[in-house]
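Engineer: Below is the structure I would like to discuss, written out as structure tokens.
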Amino acid sequence: MERRFQENPRVRVAVMLLVLLGAVAGCTKSEPVGTLQGKVTLGGQPFSNARLNFVSKTTGVATAADIESDGSFKVATPLKAGIYTVFLSPKTEADPDHPRGGTGPDPKVPQAYWNESSSPLKVEVKAGLNDIPIDLK
1 MERRFQENPR
11 VRVAVMLLVL
21 LGAVAGCTKS
31 EPVGTLQGKV
41 TLGGQPFSNA
51 RLNFVSKTTG
61 VATAADIESD
71 GSFKVATPLK
81 AGIYTVFLSP
91 KTEADPDHPR
101 GGTGPDPKVP
111 QAYWNESSSP
121 LKVEVKAGLN
131 DIPIDLK
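Numbering-wise (my numbering), the sequence shown opens with residue 1 and increments by one.
Structure (structure tokens):
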């Protein structure tokens, strides 16, 4: 049996590839990721007149999510676990009342929420599903 292994180069190559693939798979370190969804409220009522932005200085990840008419949002792709600053940006879809595109910041929302550096909103994304309420005060 040992002699066959030495004489058959295909078997030898196949065994070496399996060993190499096993070593590579064992060396990769996967970082925990989580999905993020929730509901945005302003004064206890669903809020939808903006877009949510998520930025993490520790993970280097930034993404955004549209807020639906019922205040719900869902980030389309999983995020690395970590702390994210959340801030608002104006919606960008065409609005017949604002022909230049976008709606501008909603004046009912305090100005601090519209800027990454001044927003008091922070969320922690953990591995798995994260259902996070965001209350604009």
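A virtual CB, placed ideally from N, CA and C, is assigned to each residue, including glycine.
So is Gly-82 buried or exposed if we call it buried at 16+ other beta carbons inside 10 Å?
Structural biologist: Taking the sequence shown and counting its residues from 1, the one referred to as residue 82 is at position 82. It counts as buried.
Engineer: Give the DSSP-derived three-state secondary structure of Ala-112 in the structure shown.
Structural biologist: By one-based count along the sequence shown, residue 112 stands at place 112. Ala-112: helix per DSSP, three-state reduction.
Engineer: Using a C-beta cutoff of 7 Å, does Val-55 count as contacting chain C?
Structural biologist: No chain C appears in this structure, which consists of one protein chain only.
Engineer: Can you check which of these residues, Ala-65, Glu-116, Tyr-84, is closest to Asn-49 by C-alpha distance?
Structural biologist: Position 49 of the sequence shown holds residue 49. If we check each option's Cα against that of Asn-49, Ala-65 comes out closest.
Engineer: Quick one: what's Phe-54 bridged to in DSSP?
Structural biologist: Numbered from 1 along the sequence shown, position 54 holds the residue referred to as residue 54. Phe-54 pairs with Thr-63, Val-86.
Engineer: What residues match up with Phe-73 in a beta bridge as DSSP calls it?
Structural biologist: On the sequence shown, residue 73 is found 73 positions in, with the first residue counted as 1. Beta-bridge pairing links Phe-73 to Gly-38, Ile-67.
Engineer: According to the neighbour-count rule (16 or more other Cβ atoms, all chains shown, within 10 Å of its Cβ), is Lys-126 buried or exposed?
Structural biologist: Indexing the sequence shown from 1 puts residue 126 at position 126. So Lys-126 ends up on the exposed side.
Engineer: Find out if the Cβ-Cβ distance for the pair Tyr-84, Val-109 is shorter than 7 Å.
Structural biologist: The residue you call residue 84 lines up with position 84 of the sequence shown. The residue you call residue 109 lines up with position 109 of the sequence shown. It is not a contact, given that the beta carbons lie outside the stated cut-off.
Engineer: Measuring CA to CA, which of Gln-111, Gly-38, Phe-87 is closest to Leu-129?
Structural biologist: By one-based count along the sequence shown, residue 129 stands at place 129. That would be Gly-38, whose Cα lies nearest to the Cα of Leu-129.
Engineer: Do you know whose CA, among Asp-131, Lys-91, Ile-132, Leu-136, lies nearest Gln-111's CA?
Structural biologist: On the sequence shown, residue 111 is found 111 positions in, with the first residue counted as 1. The option with the nearest alpha carbon to Gln-111 is Leu-136.
Engineer: Does Glu-139 come out as helix, strand or coil in the three-state DSSP assignment?
Structural biologist: Because the chain here runs from 1 to 137, residue 139 falls outside it and cannot be looked at.
Engineer: Taking the alpha carbon of Thr-59 as the point to measure from, which residue in Val-33, Gly-71, Asp-70, Leu-52 has its own alpha carbon closest?
Structural biologist: In the sequence shown, the residue the question calls residue 59 occupies position 59. Of the candidates Val-33, Gly-71, Asp-70, Leu-52, the one whose C-alpha sits nearest the C-alpha of Thr-59 is Val-33.
Engineer: Could you give the DSSP three-state label for Asn-130: helix, strand or coil?
Structural biologist: Taking the sequence shown and counting its residues from 1, one reaches residue 130 at position 130. Three-state result, Asn-130: strand.
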